[in-house]
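Protein chains in written order, with my numbering: chain V, 1250 to 1519; chain S, 1250 to 1519; chain C, 1250 to 1519; chain H, 1250 to 1519. Ideal placement from N, C-alpha and C gives every residue a C-beta, glycine not left out. Since the model is a prediction, treat every value here as computed from it, not as a measurement.
Protein chains: 4
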Amino acid sequence: MKNLKLAAMETPTRTIVNVAGVEVGKDLVVIAGPCSVESEEQTLATARAVREAGADLLRGGAFKPRTSPYSFQGLGLRGLKILEQARKETGLPIVTEVIDPRDVSWVAEFADVLQIGTRNMQNFALLKEVGQAKKPVLLKRGMYSTLEEWLNCAEYILSEGNPDVILCERGIRTFESYTRNTLDLSAVPAIKELTHLPIIIDPTHSTGRVSLIGSMSLAAVAAGADGLIIEVHNNPAAALCDADQALTPEMFSEDMRKIRALKQFFETLS
Amino acid sequence: MKNLKLAAMETPTRTIVNVAGVEVGKDLVVIAGPCSVESEEQTLATARAVREAGADLLRGGAFKPRTSPYSFQGLGLRGLKILEQARKETGLPIVTEVIDPRDVSWVAEFADVLQIGTRNMQNFALLKEVGQAKKPVLLKRGMYSTLEEWLNCAEYILSEGNPDVILCERGIRTFESYTRNTLDLSAVPAIKELTHLPIIIDPTHSTGRVSLIGSMSLAAVAAGADGLIIEVHNNPAAALCDADQALTPEMFSEDMRKIRALKQFFETLS
Amino acid sequence: MKNLKLAAMETPTRTIVNVAGVEVGKDLVVIAGPCSVESEEQTLATARAVREAGADLLRGGAFKPRTSPYSFQGLGLRGLKILEQARKETGLPIVTEVIDPRDVSWVAEFADVLQIGTRNMQNFALLKEVGQAKKPVLLKRGMYSTLEEWLNCAEYILSEGNPDVILCERGIRTFESYTRNTLDLSAVPAIKELTHLPIIIDPTHSTGRVSLIGSMSLAAVAAGADGLIIEVHNNPAAALCDADQALTPEMFSEDMRKIRALKQFFETLS
Amino acid sequence: MKNLKLAAMETPTRTIVNVAGVEVGKDLVVIAGPCSVESEEQTLATARAVREAGADLLRGGAFKPRTSPYSFQGLGLRGLKILEQARKETGLPIVTEVIDPRDVSWVAEFADVLQIGTRNMQNFALLKEVGQAKKPVLLKRGMYSTLEEWLNCAEYILSEGNPDVILCERGIRTFESYTRNTLDLSAVPAIKELTHLPIIIDPTHSTGRVSLIGSMSLAAVAAGADGLIIEVHNNPAAALCDADQALTPEMFSEDMRKIRALKQFFETLS
């Protein structure tokens, strides 16, 4: 991959990103939670449920990049405070999206991991800003981007001095319309041969269908992914966004049982 | 899916396609062998090796649909006779492609499974002809086709009276160029909720890279695929086509060990 | 473009395909008519109308490649006889699709141009058969195919001895859903620098919207296309296929007036 | 198109965006200039040449969104000052890209039109900021975005109080690799039936080939585009970016002659 320096495989050892004690790139890490923080009650109930089921980190959006300006845009600071409370109560570190370079420094006060969304993968001003933050970054692949472009975006962050980048494949845009996007699972072994950075899979936004999330989570683990990020909502039918694709806590718990068992199987497979 | 009658899920039970005793849709079935039949020696050596490693069926092309008219087009009848000999020696049933409706009846004398390639998925004259054959059909997804179009092609075959259709996802065409195509593994659970027909995965043509085939085979099993079709060549460097993507017998054997172990794991997972 | 011999630009002069006196590649040629031949009345009424409006050739399908086996598949031989009658009455040469290699020799008795549809672009058995026919071939681009693959399919026909190939860009498959496909008009100047074969544009199947056909026809002429193929139906609302995208004779007549004027403008522009 | 309010066609009259006297949406407007501002000499020489050839506005990037962090990123403020000087000397209003919401207010002091690039189409923080600027905005379509998503981004700007949005189609990402992207010219009549905003075409970034730009410019005019944005460099071979796709002043001048003649033709065609 031309132009890559810090992200390239030449670097001797695989990166392990330490998120408040959770080691991404070493253990199989599961990030779960609602699409957006809607209320204290919804966030805390979901946070408790996903911790109970074995999630390692809590996700939740306080700033939502939405197709329409008239859609719910997130609770902002209020949402971050709710996430802080959820961390206090459950002990789960927080993954939350940042969409404006002006917000990075203060959002980083609340977040354990700063998420860059698919629409902002090549928002270079934002990449440079999170590259200067002292927090790990979850960099989603652009729904239209090649592996080479994606790794160059990681390079933007690394070259600013932040070594803690977690890649996240979340589906690319194709002609297929049965699924929301097309999950490119071959990106997992491909990324592993191109870079030392960890890669996780988002089975929720890629498939956009509750019924496909369980299978794709298992497939991701079998493909060698370092983790998963899954949308869970304590009451999906009432969700303000992505109501069709959030798992209930029960579904998530059942999936976690299988994910853990599969992970154990692979640990014993030599 | 509109227009589907025979292929639709309404049909009560899942189809099991019996290929000379191998039950596709019940057991995990692995089809392996060279891209094309090049010689008796190459085919027999490869056939022995894949049987040894545990393959259930032997693949090999006697008629090759090639981008250029000046590329090797396959050995034709001579190739089929070599496959016949390989079956005699190894006991492995034969999967081979047919590309001309005029050839279906006599190719069916040699083949245990008639393969329809990705470029012929919507070759309706060919579909109708294999629909009248008395042999199972392996229907590859068009590299440009939606699940709905694919299932309608299965419907063409079923509606001519042939119930034995095996679907095969082999990658769709996208903007990504690191891989040859993009393997759409979410098609596995999607197809399972749309139809009763079995679905297998082709990790070779989808990724086009030897280094990705092992991971994608395991991911396919985890996603719930009914089988795999993998290119193996006794001497990939000398192959007349697809030299870059064929596994050696050693690589295949090692992958088979993991595939079997993973399959056993899933049998015990409730 | 690798592998190209006969189709490549090295050949000194541009090909002009003579269709019963109409010179494709020299004049701007307009092919018009219904998607499918439905009845004598419909075909003759439409044929008269498009001749009146200035069309050079009549299109109409007797064999229809349809997504579902339960959709109208064309009138077959009866449809060809109706086209023959339309030619007798209007003098317009006939363009009609062939989808089965077994039909090529006898369909060629009726057709002035044999059309290969987008789904059959890489149906190599069919390409070889029309390569041996003594009639010009209209080769549509696969909705999923690169320029290189398309020209290799032309090479298949040329290498069998038939020099009369007309290329037709009809839209490629993308993520955009407002239009049926995405018309790739840059293929016109690209093809002109890669090959000596003429290229025409299909604004109907590419856009799939009546309201866009007029603009795209003018754009095609401005891009340097050698012709257009446009669906016209004497009563679109009653059409058995493609009812949403066929022009009425009045619309077509109005478009033809502008197309001719634009063509004259370009003849004077030096 | 759901969710559209201000951008939707319901609004009675077509928007005309007045850029320092140039009326986009009324006259055919040609924007020309280098990809990036590299030096005073290069920018002034190119500016003089494009004004001479009849361009209406001058383009030039001071902030360049580049795939790699190690590529030339633009001259920043120094680039803007050079553009200011070019405007003073040639009288051509300036179109320049802004990529960081923190820069909008001060870049707007130099720019006559603020450009939002394809990678930032859904950079909502940036859209809101230019929505509050008092300068017209040129909103490029995301290379991965549907018409609906694009118009919703225009809606973001309009809903912040800025009515002066010019849309720019610049090619979408497909599987075709002969061209850099695939120019979707059908977007021109499609956009005209969906919104009252003007739309221009970028034949440079869409095709990525000097040899295709002339034809695509004429095709864009024939399709009904309100203008063109074309890369011109006084010495393309020495350009710091996009060297392969910039026209020389001579080529541009020759294209302008044809574009003007074609425009006049359409003014007389009723």
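Report buried or exposed for residue i, applying the criterion of at least 16 other Cβ atoms within 10 angstroms of its Cβ.
i: asparagine 1267 of chain S; result: exposed
i: glycine 1270 of chain S; result: exposed
i: glutamine 1564 of chain C; result: Residue 1564 of chain C lies beyond the range of chain C shown here (1250 to 1519); nothing can be said about it.
i: arginine 1327 of chain V; result: exposed
i: tryptophan 1355 of chain V; result: exposed
i: serine 1285 of chain C; result: buried
i: glutamate 1516 of chain V; result: exposed
i: phenylalanine 1404 of chain S; result: According to the sequence displayed, residue 1404 of chain S carries glutamate and not phenylalanine. It is buried - the Cβ of glutamate 1404 of chain S has at least 16 other Cβ atoms within 10 Å.
i: leucine 1511 of chain V; result: buried
i: phenylalanine 1321 of chain C; result: exposed
i: lysine 1377 of chain V; result: buried
i: glutamate 1287 of chain S; result: buried
i: aspartate 1276 of chain V; result: exposed
With C-beta atoms as the reference, is residue i less than 7 Å away from residue j?
i: leucine 1416 of chain H; j: methionine 1465 of chain H; result: no
i: valine 1278 of chain V; j: glycine 1457 of chain V; result: no
i: leucine 1306 of chain C; j: isoleucine 1280 of chain C; result: yes
i: leucine 1324 of chain H; j: glycine 1309 of chain H; result: no
i: asparagine 1401 of chain H; j: serine 1317 of chain V; result: yes
i: phenylalanine 1501 of chain V; j: alanine 1302 of chain V; result: yes
i: aspartate 1451 of chain H; j: arginine 1429 of chain H; result: no
i: tyrosine 1427 of chain C; j: tyrosine 1393 of chain S; result: no
i: leucine 1255 of chain S; j: leucine 1407 of chain S; result: yes
i: valine 1414 of chain S; j: valine 1386 of chain S; result: yes
i: alanine 1468 of chain H; j: leucine 1443 of chain C; result: no
i: glycine 1463 of chain S; j: aspartate 1504 of chain S; result: yes
i: arginine 1300 of chain S; j: leucine 1341 of chain S; result: yes
i: alanine 1335 of chain H; j: proline 1498 of chain H; result: no
i: threonine 1339 of chain C; j: alanine 1296 of chain C; result: yes
I want to verify the contact list: residues of chain V whose CB lies under 7 Å from the CB of residue i, in sequence order.
i: alanine 1374 of chain H; result: Ile1348 and Asp1349
i: alanine 1510 of chain S; result: Leu1518
Show which residues of chain C have a CB atom less than 7 Å away from the CB atom of residue i.
i: serine 1424 of chain V; result: The sequence given here has phenylalanine at residue 1424 of chain V, not serine. Correct list: Arg1422, Thr1423 and Phe1424.
i: threonine 1316 of chain S; result: Glu1398 and Asn1401
Only counting the same chain, and skipping five residues up and downstream in sequence, which positions put a Cβ closer than 6 Å to that of residue i?
i: glutamine 1381 of chain H; result: Glu1409
i: serine 1455 of chain V; result: Arg1419, Gly1420, Asn1430 and Leu1432
Since residue i meets chain C, which of its residues come closer than 9 Å, beta carbon to beta carbon?
i: serine 1460 of chain H; result: Pro1438, Ala1439 and Glu1442
Is any heavy atom of the ligand MG found at a distance shorter than 6 Å from the C-beta of residue i?
i: glycine 1476 of chain S; result: Questions concerning the ligand MG fall outside what the structure shown contains, since it holds no ligand whatsoever.
Cutting at 8 Å between CB atoms, please list the residues of its own chain near residue i, excluding the five before and the five after it.
i: proline 1314 of chain S; result: Glu1346, Ile1348, Gly1366, Arg1368 and Asn1369
i: lysine 1383 of chain V; result: Ala1357 and Asn1411
i: leucine 1375 of chain C; result: Val1347, Ile1348, Asp1349, Pro1350, Val1353, Ile1365 and Asn1369
i: proline 1438 of chain C; result: Ala1472 and Gly1473
i: alanine 1495 of chain V; result: Pro1283, Cys1284, Thr1453, Val1459, Glu1480, Val1481, His1482, Pro1485 and Ala1488
i: arginine 1422 of chain S; result: Met1392, Tyr1393, Asn1430 and Thr1431
What does DSSP give as the partner residues of residue i in its beta bridges?
i: lysine 1389 of chain V; result: V/Cys1417
i: aspartate 1276 of chain H; result: H/Val1273
i: glutamate 1480 of chain H; result: H/Gly1282
i: valine 1459 of chain H; result: In the DSSP output, where bridge partners are listed per residue, valine 1459 of chain H has none listed.
i: valine 1407 of chain V; result: A small fix is needed here, since residue 1407 of chain V is leucine in this sequence, not valine. The partner list for leucine 1407 of chain V (beta bridge, DSSP) is empty, contrary to what the question assumes.
i: arginine 1429 of chain C; result: Its beta-bridge partners do not exist; DSSP assigns none.
By Cβ distance below 7 Å, which residues in the same chain neighbour residue i in space, the five residues on each side in sequence not counted?
i: aspartate 1491 of chain S; result: Cys1284 and Glu1480
i: arginine 1440 of chain C; result: The amino acid at residue 1440 of chain C is misidentified as arginine; the sequence shows isoleucine. Within the same chain, isoleucine 1440 of chain C has close Cβ partners Leu1396, Leu1416 and Ile1448.
i: histidine 1445 of chain V; result: Met1258, Thr1260, Thr1262, Arg1263 and Thr1264
i: glycine 1274 of chain H; result: Arg1263, Thr1264, Ile1265, Val1266, Pro1447 and Asp1475
Can you list the residues of chain H that residue i reaches, using a CB-CB cut of under 9 Å?
i: glutamate 1404 of chain V; result: Ser1317, Pro1318 and Tyr1319
i: glycine 1473 of chain C; result: Ser1464, Leu1467 and Ala1468
Run down chain S in chain order and give the residues with a C-beta less than 9 Å from the C-beta of residue i.
i: serine 1408 of chain C; result: Pro1318 and Tyr1319
For residue i, go through chain V and note every residue whose CB falls closer than 9 Å to its CB, in chain order.
i: threonine 1456 of chain S; result: Ser1435, Pro1438 and Ala1439
i: lysine 1507 of chain S; result: Leu1518
In chain V, what lies closer than 8 Å to residue i by C-beta?
i: methionine 1392 of chain H; result: Tyr1393
Under 7 Å Cβ-Cβ, which residues of chain S neighbour residue i?
i: asparagine 1369 of chain C; result: Asn1372
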